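Engineer: Listed in order, the protein sequences are those of chains U and D.
Here my numbering is used: the first residue of the first sequence is 1, the next is one more, and so on.
Here my numbering is used: the first residue of the second sequence is 1, the next is one more, and so on.
We treat Cβ as the ideally placed atom computed from N, Cα and C, and that holds for glycine.
Treat the numbers as computed from the prediction; the structure is a model and nothing was measured.
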Amino acid sequence: MTPEELLFYKEHEWVRVEDGMAVVGISDYAQDMLGDIVYIGLPEVGDEVAVGDMIGEVESVKSTADLYTPLSGTITQINQKVVDTPEAVNEDPYGEGWLYRIELRDRTELDDLMSAEEYEEYTKEL
Amino acid sequence: MPKKTPLFDEEVRLGAKFTEFAGWELPLYYSGIIDEHISVRSSAGLFDISHLGKISVKGLGSAELLQHLAVIDISKISTGRGAYTIFCNETGGIIDDDIIYRFDEADYFVVTNATRLQALLDWLVKHRSPGTEIEDYTDRLGLLALQGPESPEILRAIFNEDPGLYKRYSVKKIVVNGNKFTVMKSGYTGEEGYEIIAEPKVEKVTWQMLLDAGVKPVGLGARDTLRLEMGYPLYGRDITIETTPLEAGLEWVISFEKGDFIGREVLLRKRDEGVNKRLVGFVLDWGIARGDEQLFIAQGKEIGRVTSGGYSPILKRGIGLAYVLSEYAQVGMDIKIKVRNRELTGRIEERPFINRRRLGYDT
Chain U
1 MTPEELLFYK
11 EHEWVRVEDG
21 MAVVGISDYA
31 QDMLGDIVYI
41 GLPEVGDEVA
51 VGDMIGEVES
61 VKSTADLYTP
71 LSGTITQINQ
81 KVVDTPEAVN
91 EDPYGEGWLY
101 RIELRDRTEL
111 DDLMSAEEYE
121 EYTKEL
Chain D
1 MPKKTPLFDE
11 EVRLGAKFTE
21 FAGWELPLYY
31 SGIIDEHISV
41 RSSAGLFDIS
51 HLGKISVKGL
61 GSAELLQHLA
71 VIDISKISTG
81 RGAYTIFCNE
91 TGGIIDDDII
101 YRFDEADYFV
111 VTNATRLQAL
121 LDWLVKHRSP
131 GTEIEDYTDR
141 LGLLALQGPE
151 SPEILRAIFN
161 EDPGLYKRYS
171 VKKIVVNGNK
181 FTVMKSGYTG
191 EEGYEIIAEP
201 KVEKVTWQML
211 LDAGVKPVGL
221 GARDTLRLEM
231 GYPLYGRDIT
241 IETTPLEAGL
251 EWVISFEKGD
261 FIGREVLLRK
271 RDEGVNKRLV
281 GFVLDWGIAR
291 GDEQLFIAQG
301 KEIGRVTSGG
311 YSPILKRGIG
321 LAYVLSEYAQ
331 VGMDIKIKVR
341 NRELTGRIEE
351 RPFINRRRLG
361 YDT
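1. Give a yes or no on whether 8 Å exceeds the smallest Cβ distance from TYR361 of chain D to chain U.
2. Hey, could you find the ends of the beta strand (DSSP E) THR74 of chain U is sitting in?
3. Any beta carbon of chain D sitting closer than 8 Å to that of GLU59 of chain U?
4. Between the stretch 138-157 of chain D and the stretch 58-65 of chain D, do at least 3 Cβ pairs fall closer than 8 Å?
5. Using the C-alpha atoms, what's the distance from ARG116 of chain D back to ALA298 of chain D?
6. Anything in chain D within Cβ reach of LYS62 of chain U, meaning under 8 Å, just list it in chain order.
7. Using the C-alpha atoms, what's the distance from ALA322 of chain D back to ALA50 of chain U?
8. Would you mind working out which of U:GLU117, U:SER63, U:PRO43 sits nearest ARG101 of chain U, comparing C-alpha positions?
9. Taking only runs of the alpha helix (DSSP H) that begin and end inside the stretch 13-74 of chain D, which ones reach a length of at least 4 residues, in chain order?
10. Would you mind stating whether LEU246 of chain D and ARG271 of chain D have Cβ atoms separated by less than 8 Å?
11. Do you know whose CA, among U:GLU117, U:SER63, U:ILE75, U:GLU91, lies nearest TYR311 of chain D's CA?
12. Would ILE314 of chain D pass as a contact of VAL331 of chain D if the rule is Cβ separation under 8 Å?
13. Just mark LEU28 of chain D as buried or exposed, buried being the case when its beta carbon has 16 or more other beta carbons within 10 Å.
14. Any beta carbon from chain U within less than 8 Å of THR225 of chain D's own beta carbon?
15. Taking only the alpha-carbon atoms, compute the straight-line gap between GLU120 of chain U and PRO200 of chain D and give it to the nearest angstrom.
16. Given a cut-off of 8 Å, decide if LEU99 of chain U and ILE26 of chain U are closer than it, judged by their beta-carbon atoms.
17. Please list, in chain order, all residues of the same chain as GLU133 of chain D whose beta carbon is under 6 Å from its beta carbon, the five residues on each side excluded.
18. Once the 5 residues before and after MET21 of chain U are set aside, which same chain residues still bring their CB inside 8 Å of it?
19. Please name the residue, chosen from D:LYS126, D:ARG237, D:LEU228, D:LYS3, that lies closest to GLU350 of chain D on a Cα-to-Cα basis.
20. Whole angstroms are fine: how far does the CA of ASP47 of chain U sit from the CA of HIS6 of chain U?
21. Which term fits GLU203 of chain D, buried or exposed, when burial requires 16 or more other beta carbons within 10 angstroms of its beta carbon?
22. Answer with buried or exposed for VAL15 of chain U, where buried requires no fewer than 16 other C-beta atoms within 10 angstroms of its C-beta.
23. According to DSSP, what are the bridge partners of ILE37 of chain U?
24. Could I get the ranges of all uninterrupted beta strand (DSSP E) runs contained in the stretch 267-295 of chain D, with 3 residues as the minimum, in chain order?
25. Which chain U residues sit within Cβ distance under 9 Å of ILE337 of chain D?
26. If you drop the 5 nearest sequence neighbours on each side, which residues of the same chain put their C-beta closer than 7 Å to that of LEU325 of chain D?
27. ARG342 of chain D touches chain U at which residues, Cβ-Cβ below 9 Å?
28. Tell me the DSSP secondary structure of ALA106 of chain D in three-state form.
29. For the beta strand (DSSP E) that ILE26 of chain U lies in, which residues bound it at each end?
30. Excluding sequence positions up to five away, which residues of its chain have a Cβ less than 6 Å from the Cβ of LEU52 of chain D?
31. Are the Cβ atoms of GLY193 of chain D and ALA145 of chain D separated by less than 8 Å?
32. Any C-beta of chain D within less than 7 Å: which residues of the stretch 11-38 of chain U qualify?
Here you go:
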């Protein structure tokens, strides 16, 4: 089940808002479409990114997916665990498999994201 | 609409994810590419490869026809055996790489790449002499591959007899409970294994028996990672009509001594003059190059291009095949590959990439 408190971006990233920060990962749908994930390329702490920027990649055995940022801001932390053991994203995309934290620049960007319910509808149509 | 193999419905039921390949709807994976790959290396796996081309070449002129077209010495294939071969055009370009089996005195059977069935059929028909029958059985016969170190005992168990196929590319027609099978000791994984031809109805029963015996179904995804780990070239990527066996490192297949065959003259000249590019294997430190990327060495000098690339579940590294200028085709050479906005580092490595003995996979 998709955790209801999450927000989703059209490129299959999820966002969990915690104070002025957001945690970002990829959705269960995305990890399932990719299959076995073996490499994850993430931005660096301190990088300034703008919504929609291509900031990394997720490599599975069968394909490569670009990683887009659903929000603008400064990268404050990356999840070293998924860099070292990328399969964590397959196993627990909404928990241990989070990718990075970002300090929000513009909270109104959150309004453009989908709710969990809207995202489920969105993936059904793909 | 893509074609479906006789096992399509069974594969849907098993929850396979599908992909289209060579005009066929085929399973890409079931449980996951890595899981299926490891099963084949450590125990066994079952593949539906019914899409492979199956051509019968029979009659008085059959041996002569094949001798004239193939780069190997057909006269060395005895009844009940087979051999890996290549068919070239007049300029030495590869039309297809295949396994030719000899069922009887003037009864040969060619298993082709699915993508090259029509091209090879046309080539054979074009050169056929009266008295040689060429027939395409691709859509009428199913083909399974049972691969992995446990496959001999699994095959013995389901057939209730030892088919006695010990040597690579040996072949035997057997009948079990009234069902006819053609069993070949062959495969594309680097493991012990068999390929089994049967009519669709029999293929379905055999598929189910093998699954019931605990063999995991394996899709095209792992078929590709398994062959890549062995460094086997794939037609359409690593070998094409534009490449000759010499550049692809397949000179060992050619019998120059057997006499004339199509392509011999050019191949002989190229062998003596030397080729300017060669197929090599590479291993990356991080990341995957999936094909078509350029290879560099220091100072940004371009030395070649990736033709196949993927992930090795055993090495846990990106691996691949590339054509590089011959002077750089040296094991140990440091290389860089530009993949999207990253520069991946690695080196040219020996093939096969995996040392099966060291990994404990040799039986």
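Structural biologist: Taking the structure as given:
1. Because the pLDDT of TYR361 of chain D is 48, which lies under 50, any placement of that residue in the model is unreliable, and the number read from its coordinates should be weighed accordingly. By this cut-off, TYR361 of chain D is not an interface position.
2. Residues 73-78.
3. By this cut-off, GLU59 of chain U is an interface position.
4. Contact fails: fewer than three Cβ-Cβ distances are below 8 Å.
5. About 38 Å.
6. LEU28, TYR29, ILE33, GLY221, listed in chain order.
7. Across the structure, ALA50 of chain U and ALA322 of chain D are spaced so that their CA atoms are roughly 37 Å apart.
8. Comparing C-alpha distances from ARG101 of chain U to each of U:GLU117, U:SER63, U:PRO43 shows the shortest one belongs to U:PRO43.
9. Entirely contained in the stretch 13-74 of chain D, the alpha helix (DSSP H) runs reaching 4 residues are, in chain order, 33-42, 62-69.
10. Yes.
11. Ranking U:GLU117, U:SER63, U:ILE75, U:GLU91 by Cα distance to TYR311 of chain D puts U:SER63 first.
12. Cβ distance not < 8 Å, so ILE314 of chain D and VAL331 of chain D don't count as in contact.
13. Buried.
14. For THR225 of chain D, the answer is yes, since a Cβ of chain U falls inside 8 Å of its Cβ.
15. Each residue's Cα considered, the two are about 40 Å apart.
16. Closer than 8 Å, so yes.
17. Excluding its 5 nearest sequence neighbours in each direction, GLU133 of chain D has C-beta neighbours in its own chain below 6 Å: LYS58, GLY59, listed in chain order.
18. Same-chain partners within the cutoff: THR76, ARG101, ILE102, GLU103, LEU104.
19. By alpha-carbon distance to GLU350 of chain D, the top candidate from D:LYS126, D:ARG237, D:LEU228, D:LYS3 is D:LEU228.
20. It should be pointed out that residue 6 of chain U corresponds to Leu in this sequence rather than to His. Rounded to whole angstroms, LEU6 of chain U to ASP47 of chain U spans 24 Å at the Cα level.
21. Per the 10 Å Cβ criterion, buried.
22. The residue in question, VAL15 of chain U, is buried, as its Cβ has 16 or more Cβ neighbours within 10 Å.
23. Partner(s): U:SER60.
24. Every beta strand (DSSP E) of 3 residues or more that sits fully in the stretch 267-295 of chain D is shown, in chain order, as 277-284.
25. Correct list: empty, because the minimum Cβ distance to chain U is about 14 Å.
26. Within the same chain, LEU325 of chain D has close Cβ partners ASN276, LYS277, ILE303, GLY304.
27. Going along chain U in sequence order, the residues near ARG342 of chain D (Cβ under 9 Å) are GLY41, GLU57.
28. Residue state, collapsed to three classes: coil.
29. Annotation: the continuous beta strand (DSSP E) that includes ILE26 of chain U extends over 21-26.
30. Hits under 6 Å: VAL111, ALA114, LEU143.
31. In this structure, GLY193 of chain D sits near ALA145 of chain D, with a CB-CB distance shorter than 8 Å.
32. Going along the stretch 11-38 of chain U in chain order, one finds GLY35, ASP36, VAL38 with a Cβ nearer than 7 Å to chain D.
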